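In the working numbering, the protein residues as written are 220 to 473.
Given below as C-alpha coordinates:
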(Lines of atoms letter the chains of each structure in order from A and count residues from 1; the text may use other names and numbers.)
(Lines give C-alpha, C1' and ligand atoms only; values in the text may rest on other atoms or scores of the structure.)
Protein backbone atom coordinates (compact mmCIF):
# COMPACT_ATOMS: atom_id res chain seq x y z
CA UNK A 1 0.00 0.00 0.00
CA UNK A 2 1.25 3.55 -0.75
CA UNK A 3 2.35 5.61 2.21
CA UNK A 4 0.08 8.33 3.54
CA UNK A 5 1.49 11.78 2.88
CA UNK A 6 3.00 13.39 5.96
CA UNK A 7 0.84 16.22 7.31
CA UNK A 8 2.60 19.58 7.03
CA UNK A 9 2.56 22.01 9.92
CA UNK A 10 1.60 25.61 9.18
CA UNK A 11 3.40 26.67 12.37
CA UNK A 12 6.49 24.62 11.52
CA UNK A 13 6.18 22.79 14.85
CA UNK A 14 6.03 18.99 15.03
CA UNK A 15 5.69 16.29 17.64
CA UNK A 16 7.96 13.48 16.42
CA UNK A 17 8.48 9.87 17.45
CA UNK A 18 11.46 7.84 16.25
CA UNK A 19 11.26 4.12 17.06
CA UNK A 20 13.74 1.25 16.90
CA UNK A 21 13.22 -1.23 14.08
CA UNK A 22 11.02 -4.13 15.22
CA UNK A 23 10.59 -2.14 18.45
CA UNK A 24 14.12 -3.07 19.51
CA UNK A 25 16.10 -0.98 21.96
CA UNK A 26 18.02 1.99 20.55
CA UNK A 27 20.08 2.67 23.69
CA UNK A 28 22.34 0.27 25.58
CA UNK A 29 23.77 2.73 28.09
CA UNK A 30 23.94 6.41 29.00
CA UNK A 31 26.83 6.98 26.60
CA UNK A 32 24.42 6.18 23.76
CA UNK A 33 21.83 8.63 25.10
CA UNK A 34 24.50 11.30 25.49
CA UNK A 35 25.60 10.79 21.89
CA UNK A 36 22.07 11.32 20.57
CA UNK A 37 21.79 14.44 22.72
CA UNK A 38 25.04 15.76 21.23
CA UNK A 39 23.77 15.03 17.72
CA UNK A 40 20.60 16.99 18.40
CA UNK A 41 22.71 19.90 19.64
CA UNK A 42 25.11 19.78 16.68
CA UNK A 43 22.42 19.67 14.01
CA UNK A 44 20.37 22.29 15.81
CA UNK A 45 23.11 24.77 14.96
CA UNK A 46 23.47 23.49 11.40
CA UNK A 47 19.78 23.13 10.53
CA UNK A 48 18.62 26.08 12.65
CA UNK A 49 15.67 24.32 14.25
CA UNK A 50 14.25 25.05 17.68
CA UNK A 51 13.69 22.24 20.14
CA UNK A 52 11.16 22.55 22.94
CA UNK A 53 11.06 19.04 24.39
CA UNK A 54 12.68 15.63 24.18
CA UNK A 55 12.37 12.33 25.99
CA UNK A 56 14.59 9.29 25.40
CA UNK A 57 12.75 6.05 26.17
CA UNK A 58 14.10 2.50 25.77
CA UNK A 59 13.12 1.87 22.17
CA UNK A 60 11.85 5.25 21.01
CA UNK A 61 12.38 9.00 21.27
CA UNK A 62 9.90 11.86 21.52
CA UNK A 63 10.81 15.30 20.14
CA UNK A 64 8.96 18.60 19.92
CA UNK A 65 10.70 20.84 17.40
CA UNK A 66 10.15 23.77 15.07
CA UNK A 67 11.84 23.46 11.69
CA UNK A 68 14.26 26.14 10.50
CA UNK A 69 16.08 26.43 7.18
CA UNK A 70 15.83 22.71 6.35
CA UNK A 71 12.69 20.54 5.96
CA UNK A 72 11.74 18.05 8.66
CA UNK A 73 12.72 14.97 6.63
CA UNK A 74 16.24 16.31 6.05
CA UNK A 75 16.68 17.17 9.71
CA UNK A 76 15.67 13.68 10.80
CA UNK A 77 17.93 12.02 8.22
CA UNK A 78 20.90 13.96 9.56
CA UNK A 79 20.19 13.21 13.22
CA UNK A 80 19.27 9.55 12.70
CA UNK A 81 21.98 8.76 10.17
CA UNK A 82 24.76 10.15 12.34
CA UNK A 83 23.58 8.28 15.43
CA UNK A 84 23.14 4.95 13.63
CA UNK A 85 26.63 5.21 12.09
CA UNK A 86 28.13 5.75 15.57
CA UNK A 87 25.96 3.07 17.22
CA UNK A 88 26.78 0.42 14.60
CA UNK A 89 30.49 1.14 14.92
CA UNK A 90 30.36 0.95 18.72
CA UNK A 91 28.47 -2.36 18.80
CA UNK A 92 30.05 -3.87 15.69
CA UNK A 93 26.72 -4.24 13.91
CA UNK A 94 25.35 -3.42 10.46
CA UNK A 95 21.94 -2.45 9.11
CA UNK A 96 19.10 -0.24 10.19
CA UNK A 97 18.48 0.72 13.80
CA UNK A 98 15.41 2.91 13.38
CA UNK A 99 12.07 2.08 11.85
CA UNK A 100 12.29 3.35 8.28
CA UNK A 101 9.75 6.14 8.70
CA UNK A 102 9.47 8.35 11.76
CA UNK A 103 6.03 9.40 12.97
CA UNK A 104 5.01 13.04 13.22
CA UNK A 105 2.02 15.24 13.88
CA UNK A 106 1.68 19.00 13.31
CA UNK A 107 1.23 21.23 16.35
CA UNK A 108 -0.75 24.29 15.34
CA UNK A 109 -2.15 25.89 18.52
CA UNK A 110 -0.67 27.07 21.81
CA UNK A 111 -3.04 24.87 23.80
CA UNK A 112 -2.06 21.70 21.93
CA UNK A 113 1.61 22.72 22.09
CA UNK A 114 1.44 22.74 25.89
CA UNK A 115 -0.52 19.48 25.87
CA UNK A 116 2.21 17.77 23.83
CA UNK A 117 4.93 19.32 25.98
CA UNK A 118 3.38 17.83 29.11
CA UNK A 119 2.66 14.53 27.37
CA UNK A 120 6.32 14.12 26.41
CA UNK A 121 7.58 14.94 29.89
CA UNK A 122 5.07 12.56 31.51
CA UNK A 123 6.06 9.64 29.26
CA UNK A 124 8.49 8.04 31.79
CA UNK A 125 5.87 8.41 34.54
CA UNK A 126 3.17 6.68 32.52
CA UNK A 127 5.63 3.94 31.53
CA UNK A 128 6.33 3.24 35.20
CA UNK A 129 10.01 4.23 35.01
CA UNK A 130 9.79 6.91 37.72
CA UNK A 131 7.33 8.15 40.30
CA UNK A 132 8.15 11.81 39.62
CA UNK A 133 9.02 13.30 36.21
CA UNK A 134 11.79 15.38 37.80
CA UNK A 135 13.65 12.14 38.57
CA UNK A 136 13.96 11.08 34.94
CA UNK A 137 17.38 12.07 33.64
CA UNK A 138 16.79 11.76 29.90
CA UNK A 139 14.01 14.24 29.25
CA UNK A 140 14.02 18.01 28.83
CA UNK A 141 11.93 18.66 31.95
CA UNK A 142 14.86 19.59 34.17
CA UNK A 143 16.32 21.89 31.52
CA UNK A 144 13.33 24.15 32.09
CA UNK A 145 14.13 24.28 35.79
CA UNK A 146 17.69 25.45 35.29
CA UNK A 147 20.26 23.14 33.62
CA UNK A 148 19.97 24.30 29.99
CA UNK A 149 21.75 22.31 27.30
CA UNK A 150 19.56 21.88 24.28
CA UNK A 151 16.09 23.34 24.50
CA UNK A 152 14.70 26.79 23.70
CA UNK A 153 13.08 27.34 27.07
CA UNK A 154 12.39 31.08 27.28
CA UNK A 155 9.80 31.09 24.51
CA UNK A 156 7.87 28.33 26.31
CA UNK A 157 8.19 29.83 29.78
CA UNK A 158 6.88 33.10 28.37
CA UNK A 159 3.60 31.30 27.71
CA UNK A 160 3.16 30.93 31.48
CA UNK A 161 4.26 34.35 32.74
CA UNK A 162 6.48 37.33 31.89
CA UNK A 163 8.07 36.91 35.32
CA UNK A 164 10.79 34.27 35.00
CA UNK A 165 10.41 32.76 38.47
CA UNK A 166 6.63 32.74 38.33
CA UNK A 167 6.82 31.15 34.87
CA UNK A 168 8.94 28.28 36.21
CA UNK A 169 6.55 27.75 39.12
CA UNK A 170 3.55 27.66 36.77
CA UNK A 171 5.44 25.38 34.38
CA UNK A 172 6.16 22.87 37.18
CA UNK A 173 2.53 22.97 38.30
CA UNK A 174 1.26 22.37 34.77
CA UNK A 175 3.73 19.57 34.03
CA UNK A 176 2.66 17.65 37.15
CA UNK A 177 -1.05 18.00 36.52
CA UNK A 178 -2.62 14.67 35.60
CA UNK A 179 -3.66 14.55 31.97
CA UNK A 180 -5.53 11.97 29.90
CA UNK A 181 -4.92 13.81 26.63
CA UNK A 182 -4.18 11.58 23.66
CA UNK A 183 -1.23 12.56 21.52
CA UNK A 184 0.89 10.77 18.96
CA UNK A 185 2.22 7.62 20.63
CA UNK A 186 3.51 4.07 20.07
CA UNK A 187 0.37 2.34 21.40
CA UNK A 188 2.37 -0.24 23.34
CA UNK A 189 1.24 -2.12 26.41
CA UNK A 190 2.89 -1.32 29.72
CA UNK A 191 5.39 -4.03 30.60
CA UNK A 192 6.02 -5.61 33.99
CA UNK A 193 9.77 -5.32 33.40
CA UNK A 194 11.04 -2.35 31.42
CA UNK A 195 13.59 -2.81 28.65
CA UNK A 196 16.19 -0.91 30.66
CA UNK A 197 15.67 -3.17 33.67
CA UNK A 198 15.79 -6.30 31.48
CA UNK A 199 19.08 -5.17 29.95
CA UNK A 200 20.53 -4.50 33.39
CA UNK A 201 19.45 -7.95 34.59
CA UNK A 202 21.16 -9.57 31.58
CA UNK A 203 24.36 -7.58 32.08
CA UNK A 204 24.50 -8.41 35.79
CA UNK A 205 23.72 -12.10 35.29
CA UNK A 206 25.73 -12.93 32.16
CA UNK A 207 28.25 -10.07 32.02
CA UNK A 208 27.39 -9.16 28.42
CA UNK A 209 25.59 -6.22 26.82
CA UNK A 210 22.42 -7.38 25.03
CA UNK A 211 23.41 -5.53 21.85
CA UNK A 212 26.58 -7.65 21.57
CA UNK A 213 24.80 -11.02 21.68
CA UNK A 214 23.86 -10.94 17.99
CA UNK A 215 27.59 -10.80 17.07
CA UNK A 216 28.42 -14.13 18.76
CA UNK A 217 28.72 -17.40 16.85
CA UNK A 218 25.43 -19.21 16.34
CA UNK A 219 26.26 -21.82 18.97
CA UNK A 220 27.36 -19.24 21.56
CA UNK A 221 24.42 -16.98 20.78
CA UNK A 222 21.91 -19.79 21.35
CA UNK A 223 23.66 -20.74 24.59
CA UNK A 224 23.42 -17.17 25.93
CA UNK A 225 19.78 -16.78 24.85
CA UNK A 226 18.81 -20.01 26.61
CA UNK A 227 20.34 -18.68 29.82
CA UNK A 228 18.48 -15.39 29.48
CA UNK A 229 15.18 -17.19 28.95
CA UNK A 230 15.65 -18.68 32.42
CA UNK A 231 15.45 -15.17 33.93
CA UNK A 232 11.94 -14.68 35.25
CA UNK A 233 9.98 -11.79 33.76
CA UNK A 234 11.84 -11.31 30.45
CA UNK A 235 9.54 -12.20 27.56
CA UNK A 236 10.54 -13.60 24.18
CA UNK A 237 9.37 -10.47 22.35
CA UNK A 238 11.22 -8.24 24.79
CA UNK A 239 14.41 -10.27 24.40
CA UNK A 240 14.18 -9.98 20.61
CA UNK A 241 13.65 -6.25 20.92
CA UNK A 242 16.62 -5.50 23.18
CA UNK A 243 19.08 -7.84 21.43
CA UNK A 244 18.06 -7.40 17.79
CA UNK A 245 18.01 -11.22 17.44
CA UNK A 246 15.15 -12.74 15.44
CA UNK A 247 12.10 -13.50 17.57
CA UNK A 248 11.65 -16.73 15.59
CA UNK A 249 15.06 -17.97 16.69
CA UNK A 250 14.32 -17.17 20.33
CA UNK A 251 10.93 -18.89 20.20
CA UNK A 252 12.61 -22.06 18.91
CA UNK A 253 14.96 -22.00 21.89
CA UNK A 254 12.18 -21.55 24.46
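Note that the Cβ used here is the ideal one computed from N, Cα and C, for glycine as well.
Only a predicted model underlies this, so the values are computations on that prediction, with no experimental measurement involved.
Taking DSSP as the reference, what is the three-state secondary structure of residue 303?
helix
So, for residue 255: in the same chain, excluding its five sequence neighbours on each side, which residues have a beta-carbon less than 6 Å away from its beta-carbon?
302
Under three-state DSSP, which class holds residue 526?
Beyond the ends of the chain as shown, which are 220 and 473, falls residue 526; an answer cannot be given.
Starting from residue 335, trace the alpha helix (DSSP H) both ways and give me its first and last residue.
329-340
Span of the beta strand (DSSP E), counted from its first residue to its last, around residue 283
279-285
Runs of 4 residues minimum, wholly inside the region 352-440: which ones carry the alpha helix (DSSP H) assignment?
360-364, 372-376, 383-395, 414-425 and 429-432
Along the chain, where does the beta strand (DSSP E) that runs through residue 236 open and close?
Its beta strand (DSSP E) spans residues 232-238.
Let me know the secondary structure DSSP gives residue 346 once reduced to three states.
coil
Measure the alpha-carbon distance for residue 289 versus residue 235 and round it to whole angstroms.
In this structure, the alpha-carbon of residue 289 lies about 16 Å from that of residue 235.
Would the region 420-429 and the region 443-454 be scored as touching if the rule is three or more Cβ pairs under 8 Å?
yes
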